[in-house]
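Reading through the structure tokens given below for one structure.
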Amino acid sequence: MDRQGPAAMIILILAICLIASNGAWAQTASPSPQGVEKMEQELQQMRESIRTMRETVRSQQELLRQQEERLRQQEQNLEQLRRESASAPPPPPPAAAAPAPAPRLPGGLLLNPEMRVEGNMIGNKTYGLERDAELQGFSSDRFSLKTVEVGFRASVDPFAEFEAVIEAQRLVEVELDGGRQLENALELEVAHLTLPRLPLRTRGRIGLMRTSFGEYNDDDPEEFPQIDPPNVIVNIFGEEGEGWKDVGFNLNYQFGNPWSDKLTHLLWFGIYAGENNTAFNGGNLDKPVYFARAETFFELGTRAGAELGISFAAGQRPAGDVAGDDDDDDDNGNGGMVDDDDDDDDDNGDDDNGDDEGMAVSGGSLDTFLFNVHFEIDWQPSVYSLDRGFSLLSEFFYAHAEREDDDIDSFGGYVLTQYRLNSRWAIGGRFDASECPGFANSLCVQIDSDKPIEERFEWAISPILSYSPSRFLTFRLQYKHTDRNYADDSDELMAQALFIIGYERPEPF
């Protein structure tokens, strides 16, 4: 049967059905002129319908024929392409892309170290006992360019990194006797070689460095949210409130806790020359200072962390008369400062061997033991974590000073806290408490007083306001009230402008 078979069969069946129905109707209906005319109309409509269906079938058949012809043509084209591709040679492989050139720094900068510039400018107004710039870092009742530091850092090779910081100062030194002297100083702040890949997974440092005794001596003092140093730091270490810097080496070893992945431990050991002029020998003795430290970092969830550490240092300092012990010092006319140029009273006619820091060296040495406990916690909220946060740092110090008469055991500490209100503003405060450690060059010893050295005590409280347009620029205001039982109290208003250009110095924690 050809393609017209199905369509013709359908038309034939429809016609038979119509004829059968009409015949049946003709047999039952009465013949009338109206009926005959109606039947002729229906037959005519049927003829028209059949004619329309035939035309439709013919048009669909023509369309089907055209589609079949197009399909045969496409199959022929595909077969021809297959034969041509089978006979043609394979195309050559694509050329490998040239590697991108390595980035290069212009002008030989590959050999240049990283640089850092830090400036610290402070204004002060003091009511009461004035500050000693040499021991407390800056003067009373004036603006001071406390420090301008220029730092250089570079990798020596994959196993070593060197950093050096040069510090310049321009201060008006106000002595306790009322004298004033303009002082320009240029000194080497730090210069050390860091070795991060030593055997047994240890990390070492050698050179002039911050000693890491406690948290204050582990970081740059300008990194703390305060203007002046805590009183206990000034009394134990002096050195313009910069803390304890020394020449030597230290090793540290960091490891995890086998029972908890939220604890990390760090152990330190070091040997230093003891160049601090207050707690140790100031470089006058060939007696090293031994240092040890242990600390643990606690991960308190995803938004908070805490650090607890202890430090120990043992060394010696030159033996000599402790300033302020002798009654004849009351009338030496120096306003309570130790007179290092006492008349020669010995039989050999030699002058007393006094150094510039007020320590009379008479031969021999005295022991110094220092102990520190520090606790730090940092918290950031889950919302606005980059803008807000809370930090608290607390340090406790114990100092044992061997003396030619009676030894002195002293305690001191401070609590420093800050809350960041947003990305720019922060409020904070500090509480200080310190007994006098009894070192000859301690500030609390050099002030003339009837109060025995071992009974001298002071405390202070300081609200602090900070404004930071960016992380590299900070303006700060601080008020400090200090209460002393051996000298006049003091109230201070301080303002600071602190800026940093260049790299930052992150620590392990």
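Numbering (mature numbering (1 follows the signal peptide of the UniProt record, and there is no 0)), first residue to last: -26 to -1, 1 to 483. Ideal Cβ placement from N, Cα and C applies to all residues, glycine included.
Helix, strand or coil at residue i [DSSP, three-state]
i           : result
GLN143      : strand
ASN209      : helix
ALA469      : strand
residue 497 : The question about residue 497 has no answer, for the chain in this structure spans -26 to 483.
GLU409      : strand
ILE284      : strand
GLN41       : helix
ILE427      : helix
SER61       : helix
ASP314      : Because ASP314 sits at a pLDDT of 42, beneath the cut-off of 50, its placement in the model cannot be relied upon, and the following sentence gives the value as read from the coordinates. The answer is coil: DSSP assigns ASP314 none of H, G, I, E or B.
ILE351      : strand
TYR190      : coil
PRO195      : helix
GLN200      : coil
GLU36       : helix
SER23       : helix
ARG398      : coil
ASN158      : strand
GLU216      : coil
ASN346      : strand
GLU53       : helix
LEU259      : coil
ILE474      : strand
ALA461      : coil
residue 498 : For residue 498 there is no data in the structure shown, the boundaries of the chain being -26 and 483.
PRO132      : coil
ALA107      : helix
PRO232      : coil
ARG184      : strand
ARG116      : strand
GLU249      : coil
ARG46       : helix
Cβ-Cβ distance between residue i and residue j below 8 Å
i      : j      : result
ALA400 : ILE351 : no
SER436 : THR100 : no
ILE201 : GLN470 : yes
VAL164 : ALA134 : no
ILE475 : VAL122 : no
GLU369 : TYR190 : yes
ARG404 : PRO195 : no
GLY226 : ARG175 : In the sequence on display, residue 226 carries Asn and not Gly. Contact: no.
THR168 : ARG184 : no
LEU237 : THR270 : yes
GLU157 : GLU141 : no
LEU274 : ALA280 : yes
LEU340 : VAL208 : no
SER408 : VAL206 : yes
GLY188 : HIS348 : yes
GLY93  : PHE117 : no
ILE210 : ALA434 : no
Residues that DSSP places opposite residue i in a beta bridge
i      : result
VAL124 : VAL91, ILE140
LEU225 : GLY178, PHE243
ARG291 : LEU340
LYS454 : GLU466
VAL10  : Answer by DSSP bridge pairing: none, since VAL10 is not bridged.
PRO438 : Contrary to the premise, residue 438 reads as Ile rather than Pro in this sequence. Paired residue(s): GLY402, GLN452.
LEU17  : DSSP output for LEU17 lists no bridge partner at all.
ARG267 : TRP242, SER285
GLU29  : Paired residues: none, contrary to the question.
GLY363 : ARG394
PHE272 : LEU237, ALA280
Cβ separation of residue i and residue j, assumed to be a contact under 8 Å, to the nearest whole Å
i      : j      : result
ASN255 : PRO292 : 6 Å
ARG394 : TYR441 : Not a contact, Cβ separation roughly 11 Å.
GLY387 : ILE438 : That pair is no contact at about 18 Å.
LEU103 : ASP462 : 4 Å
GLY181 : VAL221 : 7 Å
GLU429 : GLY412 : Rounded, the Cβ-Cβ distance is 11 Å, inconsistent with contact.
LYS425 : ASN459 : 6 Å
PHE371 : TRP353 : In fact, because the Cβ distance is near 25 Å, the residues do not count as touching under 8 Å.
GLN143 : ALA159 : 4 Å
MET89  : PHE126 : 6 Å
Minimum Cβ-Cβ distance from residue i to chain D less than 8 Å
i      : result
ILE207 : Protein chain content of the structure displayed is limited to a single chain, and chain D is not contained in it.
>> With three or more C-beta pairs closer than 8 Å as the rule, is the segment 229 to 249 touching the segment 378 to 396?
In response: Cβ pair count under 8 Å is below three, so no.
> Do the segment 412 to 425 and the segment 214 to 221 touch if we need at least three Cβ pairs shorter than 8 Å?
Replying inline: no
>> Between the segment 337 to 346 and the segment 281 to 289, can you find at least three pairs of beta-carbon atoms closer than 8 Å?
In response: yes
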